[in-house]
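Engineer:
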Amino acid sequence: MFNKKAKSLLTLLALAPILSAAPKDIPQQKESDWVDARYAKVKFGPFVSGHIATPKGSTHKGIAIRVGDKGEGTMVFDTDLCIWRAGWAGGFIKTDPARYGLIRALNPDGKIVFANTPTMGVADAKGSFVDSRNPKNGPLSEGSARYKGLFVHGQRVVVRYDVNDLQIYDSPWLAKDADGKVHFSRDLRVQKGSAVLQVIRLKDPTAPVNLLKLVGVKSLLDFDKFIQPGPRRWGKPIVTKGIVDERKTPFAIDTITVPYKNPHNALFFTAGHDFTSNGDCYVATAHGDVWKVTGIDAELKAVKWHRFATGLYQPLGLRVVKDQVYVLGRDQITRLHDYNKDGEADFYEAFNNDIMIGGGGHSYATCLETDPDGKFYFIRCAEGTPHGGVLLKVAADGSKLEVVATGFRNPNGLGVGPNGVITAADQQGTWVPETRLDVIKPGGFYGFMPMHKRKVAPKTYDPPLMWIPRVLDNSAGGQVWVPKNQWGQFGGELIHFSYGRCTMMHILRDGPNGGAMPIGGRFLSGACRGRFNPKDGHLYVTGLLGWQTAAIRDGCLQRVRYTGAPLQQPIRMKVHANGIRLTFSTALDKKIAEDIESWSAEQWNYKWSATYGSKDWSVKNPGKQGRDAVAIQSAKLLPDGKSVFLQMPVQPVHSMAIQYNLDTAAGKIFKGTFHLTVTKVGMVYE
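Using this note's numbering, the first residue of the sequence shown is number 11, and each one after it goes up by one.
Here it is, written out as structure tokens:
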């Protein structure tokens, strides 16, 4: 595990370019390696969202809000039920150090003053408090209270929710009387409606619940003030100096230095990013922040990091649409509004919070992408709710959420191409014999049986584009498509990120068949997300530290520049009935390319079962462990001088590895291994 002691900036900068260092021996990692108490030292904002262990049943979508002139109390709002679930005096929240603070519930830090069971906090339009949800996950049904977001202004937080045409602004607070006794209160504004509002009054937990009818009583709180932007909270931006990669390689990797050490003790487990039209970058971190990053230019001499938003529920995806920032947390997609343009969010809008979640420790929501029509997509890890282990789509206006595909275990990313093609990757484990990269079709089932979501259990799964061998990727991230007019021969191609290996690879496609070749170097952290900056045309990558990864930093923001330097590897593939055709990025020496001693191949299958992962299994003898050698009968260099047809037996296989040891036409020796999956055999090559 990395050294947690603070390093000087000089040491940090010296370590940053180590892109080809040997990865950590991932199998040797253990649970104790991931215990890290730094999250408890973060300087939080006025609220923190998450799974909160409130006394009368956990709050799965909770917002812990500081209250009182000195922040000496906390109240928890349930965004599904629109009820204040608990209040305590004396402190804020306690974090758990297991797995970097990202796996267990937040706990109250103080003396409990009141607590409510998970019930509706506001009656529906008909005056009923009956919760008609089945199952009891997700927001209330139509006609009941629906959470719309929250405003921050100084120490105050104002929660906004609606009941039909009623717009409700609800702000919690704490005060002490002359004897020091704590009193929790709520100020409410109700507008744009004629219906009667019924709420539950917060009382001592031993007392019965009282229902009140509020009729035209004016609040003492100046809501007009507190729903307007307040003063800046986080001070001046943090300035860092980046590192420009001067190596003469096809893919240079520059480092935008992350301010790991900062006045807020904020953690930089970077988990998503995107760009506005002017090149400003917004970066989400897994512990709840969004940072605005400016000054990204060719030299990276003065990059500014502004703390833009805080308190989100483990955001692992971020998308900018028409210069508006959308962030994916476990609980919802949040649209962030900076009304006064001071570099800090003023309103955290619940763009869509229809998702049904439980309190599962590993049930993350990851990535956030859009298709050409503006619809949003994200993917969730397995959990015992209707939205566990599924890929989800949200309407462009946020009005509707629906399931696209099922059967995912612990996915950490996806991709959506410019033509609307959706890809996703899942991690090896039970019912996932090896890392799988899928091209998604609506209604598809992608292998993880506990999440099939069907009335009748399926007998098989939709096959992946590729089973990615562990040597390339032990734990997958997301994907990104190269714009057609960029990166030379890679324009329009698919790139896949390995969170586990901290690398990226080019995915070669031939219909339902897929292959992979590593490109570039190694990132500082577990690569998860990639975006092309519309301003400079380069690829930017974020990744984070976690479990089972070779990461050496908490997170990273790095720039990949295609330099056009010579590259020697396969860039196209075609599966034929009588062999494999590979096209290389450079012209080949004919004599060496046509020598069958320059080539070798082997193949194997996996077993789909409840066993964790799979051994390699013989294709010829399915009951025997191991790989089969594949005889290459001939090799022919084709007229373009870059393509080779390998005549060999071909059949559907989960994994094939083709090794090559070649010379370029200019005489440069190079070698490598190309991995592919054959799902469908094509026509005979003549």
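Backbone N, C-alpha and C define an ideal beta-carbon position, used for all residues, glycine too.
(1) Return the CA-CA distance between Ile432 and Lys451, expressed in angstroms with no decimal places.
(2) Restricting to runs no shorter than 4 residues, where is the alpha helix (DSSP H) found entirely within the segment 286-332?
(3) Helix, strand or coil for Pro544, going by three-state DSSP, please let me know.
(4) Beta-carbon within less than 6 Å of Gly100's beta-carbon, same chain only, minus the 5 sequence neighbours each way: which residues are those?
(5) By the three-class DSSP mapping on this structure, what secondary structure does Leu222 have?
(6) Starting from Trp183, follow its DSSP beta bridges and name the residues at the other end.
(7) Reducing DSSP to helix, strand and coil, say where Glu444 ends up.
(8) So, are the CB atoms of Gly78 and Leu184 less than 7 Å apart?
(9) Within the same chain, show all residues whose beta-carbon is closer than 6 Å to that of Gly408, passing over the 5 residues directly before and after it, in chain order.
(10) Between the alpha carbons of Asn117 and His193, how many angstroms are there, rounded?
(11) If we count Cβ pairs, one from each stretch, closer than 8 Å, do we get three or more for the segment 526-539 versus the segment 409-416?
(12) Measuring CB to CB, does Gly417 end up less than 7 Å from Phe455?
(13) Between the segment 306-315 and the segment 250-257, can you find at least three pairs of beta-carbon atoms closer than 8 Å?
(14) Got a sec, what are the start and stop residues for the beta strand (DSSP E) Asp232 sits in?
(15) Which whole-angstrom value describes the C-beta separation of Arg539 and Val551, a residue pair presumed to lie in contact below a C-beta threshold of 8 Å?
(16) Take Met461 as the anchor and find which of Arg511, Ser373 and Gln499 has the nearest alpha-carbon.
(17) Please return the same chain residues whose Cβ sits closer than 8 Å to the Cβ of Val330, not counting the five positions on each side in sequence.
(18) Would you kindly check if the distance between the Cβ of Ser608 and the Cβ of Leu672 is under 7 Å?
(19) Met459 by DSSP, collapsed to three states: which one?
(20) Can you tell which of Arg199, Val167, Phe161 and Lys191 has the C-alpha that lies nearest to the C-alpha of Tyr179?
(21) Around the Cβ of Ser142, are there at least 16 other Cβ atoms within 10 angstroms (buried) or fewer (exposed)?
(22) How would you call Ile237, buried or exposed, if buried means at least 16 neighbouring beta carbons within 10 angstroms?
(23) So within the segment 387-419, which uninterrupted beta strand (DSSP E) runs reach at least 3 residues, ignoring any that extend past its ends?
(24) Does chain C have any CB closer than 7 Å to the CB of Lys403?
(25) Where does Tyr336 sit, in a helix, a strand or coil, going by DSSP?
(26) Work out the CA separation of Pro649 and Arg464 for me, nearest whole Å.
(27) From Ala74, Phe87, Gly137 and Lys66, pick the residue whose C-alpha is nearest to that of His125; which is it?
(28) Could you spell out where the alpha helix (DSSP H) holding Ala603 opens and where it closes?
(29) Hey, out of Pro473, Thr440, Ala467 and Pro396, whose CA is closest to Ala434's CA?
(30) Taking Lys630 as the reference, give the member of Trp441, Met693 and His664 with the closest Cα.
(31) Please determine if the segment 263-278 and the segment 587-603 are in contact, where contact requires at least 3 C-beta pairs separated by less than 8 Å.
(32) Using the Cα positions of Pro239 and Tyr349, report the straight-line distance between them to the nearest angstrom.
(33) If you follow the beta strand (DSSP E) that Gly425 is in, where does it begin and where does it stop?
(34) Which residue's Cα is closest to the Cα of Tyr110: Gly521, Lys617 and Gly371?
(35) Give me the DSSP bridge partner(s) of Tyr670.
(36) Confirm, please, whether the CB-CB distance from Ala375 to Ala319 is below 7 Å.
Structural biologist: The answer reads as follows:
(1) 8 Å
(2) none
(3) coil
(4) Gly120 and Lys121
(5) Below a pLDDT of 50, predicted positions are generally treated as unreliable, and Leu222, at 44, falls in that range; the measurement from the model is reported next regardless. Strand at Leu222.
(6) Ser195
(7) coil
(8) Closer than 7 Å, so yes.
(9) Phe361 and Asn362
(10) 21 Å
(11) no
(12) yes
(13) yes
(14) From DSSP, Asp232 is part of no beta strand (DSSP E); its letter is neither H nor E.
(15) 7 Å
(16) Ser373
(17) Asp284, Phe285, Thr286, Tyr292 and Tyr336
(18) The answer is yes: Cβ separation under 7 Å.
(19) Here Met459 sits in helix by DSSP.
(20) Arg199
(21) exposed
(22) Its Cβ being crowded by 16 or more others within 10 Å, Ile237 is buried.
(23) 400-404 and 411-416
(24) The question asks about chain C, but that chain is absent: this structure has only one protein chain.
(25) strand
(26) 51 Å
(27) Inspection of the sequence shows that residue 125 is occupied by Ala rather than by His. Minimum Cα distance to Ala125 is reached at Lys66.
(28) Lys600 to Ala603
(29) Pro473
(30) His664
(31) no
(32) 7 Å
(33) Leu424 to Val426
(34) Gly371
(35) Tyr670 pairs with Trp609 and Gly682.
(36) no
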